[in-house]
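Going by full-length UniProt numbering, the residue at position 79 of the sequence shown is 79; the numbering climbs one at a time, nothing skipped.
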Amino acid sequence: MGAQQLINDYFKAFNAGQTDRMLELLHDDVEHHVNEGKIRKGKELFAQFNAHMTHCYHEQLTDLVVFSNEAGDRAAAEFVVNGTYLNTDEGLPDANGQTYCLPAGSFFSIRDGKIARVTTYYNLSDWMAQVTG
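The structure is reproduced here in structure tokens:
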């Protein structure tokens with residue numbers, strides 16, 4: 001499977017809420033670099049992050065564009081996050097079903113045909129403004 005197909009499959013699983021499928025696409029030693037917070041290493045911490053996110057947010061990604069280098073070991077994606085804030089996330093404003101629409105991007109390293117690094121960026125100030133109205 002090529003890099004672009006791997007990344008497209010990852011986001012297809014995300015949009016379908018198939019977190020187990022997302023985990024299948026990850027290298028055992030995956031590093032998850034989140035926009036705000038510490039680097040999470042390994043599939044178990046990635047799974048815990050997904051469970052937390054599923055509890056607090058419902059998100060669908062649209063306008064996905066995936067890029068990859070010729071070697072197939074690096075990729076990037078640009079997309080729009082269309083979300084609903086379901087349950088209050090610690091340290092953030094109270095949730096009451098607010099919706100948001102946020103441009104974002106992710107960068108990937110690929111090793112042994114699996115995603116070995118996921119780095120995601122978005123504008124937290126923009127999200128905060130949208131959910132606090």
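Glycine is no exception: its CB is placed at the ideal position from the N, C-alpha and C atoms.
Do the CB positions of residue i and residue j come within less than 8 angstroms of each other?
i: Phe98; j: Val66; result: Checking the sequence, you will find Gln at residue 98 rather than Phe. No; because the gap between Cβ atoms is not below 8 angstroms, this pair is not in contact.
i: Gln4; j: Ala75; result: yes
i: Tyr57; j: Gly91; result: no
i: Leu45; j: Leu25; result: no
i: His32; j: Val118; result: yes
i: Val30; j: Leu61; result: no
i: Leu102; j: Tyr122; result: yes
i: Ser106; j: Ala77; result: yes
Considering only heavy atoms of the ligand MG, does any lie closer than 7 angstroms to the CB of residue i?
i: Thr119; result: By its list of ligands, the structure shown contains no ligand whatsoever, and the ligand MG lies outside what it can speak to.
Kindly indicate the opening and closing residues of the alpha helix (DSSP H) around residue i.
i: residue 212; result: With the chain covering only 1 through 133, there is no way to say anything about residue 212.
i: Asp126; result: 124–132
i: Thr19; result: 19–24
i: Asn35; result: Per DSSP, Asn35 belongs to no alpha helix (DSSP H) and is neither H nor E.
i: Asn8; result: 3–15
Would you give the residue range spanned by the beta strand (DSSP E) that residue i belongs to?
i: Thr99; result: 99–111
i: Asn82; result: 74–85
By how many angstroms is the C-alpha of residue j removed from the C-alpha of residue i?
i: Met53; j: Met22; result: 14 angstroms
i: Phe49; j: Leu64; result: 22 angstroms
i: Lys12; j: Ser68; result: 17 angstroms
i: Pro93; j: Gly2; result: 40 angstroms
i: Thr88; j: Gly133; result: 16 angstroms
i: Gly42; j: Asn96; result: 32 angstroms
i: His27; j: Ile115; result: 5 angstroms
i: Gly113; j: Tyr85; result: 34 angstroms
i: Trp127; j: Asp73; result: 31 angstroms
Can you find a CB in chain B that lies within less than 8 angstroms of the CB of residue i?
i: Ser68; result: Although the question refers to chain B, the structure presented lacks it and comprises just one protein chain.
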